[in-house]
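Peer 1: The opening position of the sequence shown corresponds to residue 16 in the numbering used here, with each subsequent residue numbered one higher. Can you read through this structure? Questions will come right after.
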Amino acid sequence: MVWTSGWKLAVAAARAGALGLIGAGSMKPELLREHIRKAHATEVAAQIGVNIPLLRGDVDALIQTSLEEGIRIFFTSAGNPQAQTGRLKERGAFVAHVIASVKHALKAAQAGCDAVVAEGFEAGGHNGIDEITTLCLVPQVVDAVNIPVIAAGGIADGRQILACLALGAQAVQIGTRFAATVESSSHEAYKQAVVDADDAATVLVLKKVAPVRLKKNRFALSAFEAQQAGATKEEERLLLGHKREMQGIFEGNVEEGELEMGQSSGLIKEIRSVEETMGTLVAEYNRALIRIETMSAK
Ligand SMILES: Cc1cc2nc3c(=O)[nH]c(=O)nc-3n(C[C@H](O)[C@H](O)[C@H](O)COP(=O)(O)O)c2cc1C
């Protein structure tokens, strides 16, 4: 995740038993190299991958740097997987691509991806244009492709992990909950904004430029009003300006920056360490499983 998942968060996630992804979307290649080296200097080097948004102008350099540094787990997003997947597969990499519709899942499978991340529009950050919920998207993608499906969007709690596995997902990808952990490189004011958010605190805006789910603040509400008034793509682009993601997530400008977070924010009540968060997720999952088993035994 941009401005959030540097090596510290990725390593903490890996230490807690997850796959840790370094978010290259807000890094120049040399900074990415530094983060990979720091993560690789730890005992969980094998559990570290990178996320690379494919629309980045320097996508080739980000991929080249990652390969040079020995990364073999790639999560690609925001773009066409056709262009890069072959190159990554030739180097023996595992490639998962983020999609938000069945059509794009099929394209990713055709491009040779090993898995897809099916992300519903509850998710924090950039979204698909079709506004499909995780509950509806995941089973349809599971039915359509023959590769593993990782569910994402709206998951911040162990009950939801169990629900996603019931839908046929093999794993889940969790964003907002980890963006608000101690180890996340996001600003404290951003983390607090997640904790303060309730179920209705987010809105999907900038649908003509690139739909993004943000916490409602001065900027997001002005983008929403412009959208409702029929703003053109160019008008949305002008309104967005530059560096709002950095201002909101990294610098903590809670009124004028973009505060990317998902609808699951209402479930996040405290800024905790990754280890505690993982412990809670597992406990919640186990309680939900027992509840279901008890119900089915009746
Ligand atoms: C602050 C933030 C930054 C994100 N940046 C990226 C990114 O750079 N690349 C990407 O593929 N997804 C990004 N995402 C999406 C997450 O990877 C994940 O799929 C999404 O947050 C899942 O939904 P959730 O927030 O409801 O857990 C970001 C999400 C957040 C909250």
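Note that CB positions come from ideal geometry on N, CA and C, so glycine has one too. Treat the numbers as computed from the prediction; the structure is a model and nothing was measured.
Could you check how far apart the C-beta atoms of I37 and W22 are, in whole angstroms? I think they sit under 8 Å.
Peer 2: Yes, they are in contact, since the Cβ atoms of I37 and W22 sit about 6 Å apart, within 8 Å.
Peer 1: When you compare each of A123, A108, L70 to A115 by their alpha carbons, which one comes out closest?
Peer 2: Selected option, being the one with the closest Cα: A123.
Peer 1: Mind checking D145: buried by the 16 CB within 10 Å criterion, or exposed?
Peer 2: Answer is exposed; the Cβ neighbour count stays below 16.
Peer 1: From the DSSP output, read off the bridge partner residues of E134.
Peer 2: Answer by DSSP bridge pairing, in chain order: A167.
Peer 1: Is it right to say V39 is buried, meaning 16 or more other beta carbons lie within 10 angstroms of its own, or is it exposed?
Peer 2: Sequence inspection shows Ala at residue 39; the Val mentioned does not correspond to that position. So A39 counts as buried.
Peer 1: Looking at G263 and N301, is the spacing between their C-beta atoms short of 9 Å?
Peer 2: Against a cut-off of 9 Å, the Cβ pair of G263 and N301 comes out as no contact.
Peer 1: Smallest Cα separation from L150: which of E250, E285, G183, A108?
Peer 2: Comparing Cα positions, the closest option is G183.
Peer 1: For Q278, does the count of other Cβ atoms within 10 angstroms reach 16, so buried, or fall short, so exposed?
Peer 2: Label assigned to Q278: buried.
Peer 1: Please indicate yes or no: does the CB of Q188 lie closer than 8 Å to some heavy atom of ligand 1?
Peer 2: Flag set: Cβ of Q188 near ligand 1.
Peer 1: Give me the Cα-Cα distance between S311 and L304, rounded to the nearest whole angstrom.
Peer 2: Cα-Cα distance, rounded: 11 Å.
Peer 1: Rounded to whole angstroms, what is the Cα-Cα separation between F89 and H141?
Peer 2: Answer to the nearest angstrom: the Cα atoms are 18 Å apart.
Peer 1: Could you check whether the Cβ of H50 sits closer than 8 Å to any heavy atom belonging to ligand 1?
Peer 2: Checking the Cβ of H50 against ligand 1 gives no.
Peer 1: Using a Cβ-based criterion (distance less than 8 Å to any ligand heavy atom), does A194 qualify as near ligand 1?
Peer 2: Yes; taking the cut-off as 8 Å, the Cβ of A194 has a heavy atom of ligand 1 nearer than that.
Peer 1: If you follow the beta strand (DSSP E) that S20 is part of, which residue opens it and which one closes it?
Peer 2: No beta strand (DSSP E) holds S20; DSSP gives it neither H nor E.
Peer 1: Give me whichever residues DSSP pairs with L36 in a beta bridge.
Peer 2: Bridge partners of L36: G64.
Peer 1: So what's A120 in DSSP terms, helix, strand or just coil?
Peer 2: Residue state, collapsed to three classes: helix.
Peer 1: Got a sec: does ligand 1 put a non-hydrogen atom nearer than 8 Å to the Cβ of Q278?
Peer 2: Yes, the Cβ of Q278 comes within 8 Å of a heavy atom of ligand 1.
Peer 1: Determine whether the beta carbon atoms of K230 and L274 lie at a separation below 9 Å.
Peer 2: Yes, these two residues count as a Cβ contact at 9 Å.
Peer 1: Which same chain residues, not among the five before or five after R52, have their C-beta less than 8 Å away from its C-beta?
Peer 2: These residues qualify, in order along the chain: E84.
Peer 1: For ligand 1, is there any heavy atom lying closer than 8 Å to the beta carbon of A171?
Peer 2: Flag set: Cβ of A171 near ligand 1.
Peer 1: Here's the rule: buried if 16 or more other CB atoms are within 10 angstroms of the residue's CB, otherwise exposed. What is G64?
Peer 2: By the 10 Å Cβ count, G64 comes out buried.
Peer 1: Helix, strand or coil: which one does DSSP assign to A101?
Peer 2: In the sequence on display, residue 101 carries Gly and not Ala. Three-state DSSP puts G101 in a helix.
Peer 1: Compare the C-alpha of L34 against each of V289, K313, L70, T309 and name the closest.
Peer 2: The shortest Cα separation from L34 among V289, K313, L70, T309 belongs to V289.
Peer 1: Return the first residue and the last residue of the alpha helix (DSSP H) that I51 is part of.
Peer 2: From DSSP, the alpha helix (DSSP H) with I51 extends over 44-55.
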